[in-house]
Amino acid sequence: MTSIGPELLTESLSLLVYTVVAGVLTVGGALVEQASLQHLGAGEAMIALWLAALGGVMLYAGVYGLGYKKVLAEYV
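Residue numbering for the sequence shown follows full-length UniProt numbering, starting at 1 and increasing by one per position.
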């Protein structure tokens, strides 16, 4: 049985945390965008615009900010 060094354990744990947070932000952003479309269909344009902006920021942070820049950067 091999021993895992503390550096490898720390890197693996941080990569796991970044992956989970990126997934939560991405799924949350998609759900907020869906709520935005529902509010737009109901005629509540101001709430729909706020939710669309919030969903866009969440999707950007999840997919690009964490997913691409942090998680995929470890593999490339």
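All C-beta atoms, glycine included, are put in the ideal place defined by N, C-alpha and C.
query: Three CB pairs or more closer than 8 Å across the region 21 to 33 and the region 4 to 13; result: no
query: Bounding residues of the alpha helix (DSSP H) (the contiguous stretch that carries Leu-40); result: 6 to 41
query: C-alpha distance - Val-17 paired with Ala-73, whole-angstrom precision; result: 15 Å
query: First and last residue of the uninterrupted alpha helix (DSSP H) at Gly-56; result: 45 to 59
query: Whole-angstrom C-beta distance between Ala-53 and His-39, which should lie under 8 Å; result: About 12 Å; that fails the 8 Å criterion.
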